[in-house]
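One structure is given below, encoded as structure tokens.
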Amino acid sequence: MASKELADTVPSDVDILVIGACPTGLGAAKRLQQVKSASWLIIDSNETPSGLVSTDITPEGFLFDVGGHIIFSHYKYFDCLNRALPKAEDWYEHQLVSFIRYEEACARPASDKPANFDVWNTRNIGERLNEIFIRPYNFKLGKRVASPNLKLLTSNVILNKVAGN
Numbered sequence: 001m002a003s004k005e006l007a008d009t010v011p012s013d014v015d016i017l018v019i020g021a022c023p024t025g026l027g028a029a030k031r032l033q034q035v036k037s038a039s040w041l042i043i044d045s046n047e048t049p050s051g052l053v054s055t056d057i058t059p060e061g062f063l064f065d066v067g068g069h070i071i072f073s074h075y076k077y078f079d080c081l082n083r084a085l086p087k088a089e090d091w092y093e094h095q096l097v098s099f100i101r102y103e104e105a106c107a108r109p110a111s112d113k114p115a116n117f118d119v120w121n122t123r124n125i126g127e128r129l130n131e132i133f134i135r136p137y138n139f140k141l142g143k144r145v146a147s148p149n150l151k152l153l154t155s156n157v158i159l160n161k162v163a164g165n
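Under the UniProt record's numbering, think of the first position of the sequence shown as 1, with each following residue one higher.
Quick look at the structure:
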């Protein structure tokens with residue numbers, strides 16, 4: 001949708017405009033719905049919510065999955081929201097089976113469970129690639145999780161105050 005068309009269709013009287021019906025935008029909208037302290041609207045350039053994850057269909061009927069990530073979370077609340085979707089068919093789940101074939105060689109998967117994610121990565125992609133890409137990448141992702149302000153958090157709990165209000 002062009003910016004002029006968007007400006008003509010978006011109400012100007014909402015308190016909060018959530019741009020993007022991706023998991024983050026949907027999470028923000030869910031929280032705004034819970035606190036009921038402001039009017040809000042969620043908009044997206046796509047016809048359906050998805051963020052960077054979607055499936056494009058060509059005129060010939062070929063399907064192309066867009067987006068390189070699976071949904072993963074370290075948060076119970078986010079996991080509960082994912083499980084609360086209306087129908088099982090709202091999700092597409094599959095088990096990836098990907099083998100790299102080497103002439104005259106094969107590898108047997110480890111029979112024991114890896115001790116942690118780092119060990120799993122080393123087993124599956126090798127120490128060098130894990131060292132130069134996967135570890136730094138995951139460290140970078142982990143840095144994006146903001147540390148809470150403990151003083152403010154404690155004060156909000158004592159005063160029974162919802163953060164941000």
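By construction, the Cβ of each residue, glycine as well, lies at the ideal position given by its N, Cα and C atoms.
- In this chain, the beta strand (DSSP E) harbouring Leu63 covers 63-66.
- According to the DSSP assignment, Thr55 belongs to no alpha helix (DSSP H) but to the beta strand (DSSP E) extending over 54-57.
- Excluding sequence positions up to five before and after Leu129, its CB lies less than 6 Å from no other CB in the same chain.
- Taking 9 Å as the cut-off, the Cβ atoms of Pro49 and Ala21 count as close.
- Boundaries of the beta strand (DSSP E) harbouring Val18: 16-19, taken from the DSSP string.
- DSSP places Leu41 within a strand segment (E or B) once states are collapsed to three.
- Check the Cα spacing between Phe78 and each of Arg108, Asn116, Leu26, Asn46: the tightest is with Leu26.
- Take the alpha-carbon of Ile125 and the one of Ile19: they are about 37 Å apart.
- In the three-state DSSP reduction, Thr48 falls in the coil class, being neither helix nor strand.
- Scanning the region 116-159 for uninterrupted alpha helix (DSSP H) segments of 4 residues or longer gives 117-125, 135-143, 150-158, listed from N- to C-terminal end.
- Contact check for Leu17 against Leu41 passes: the beta carbons are separated by less than 9 Å.
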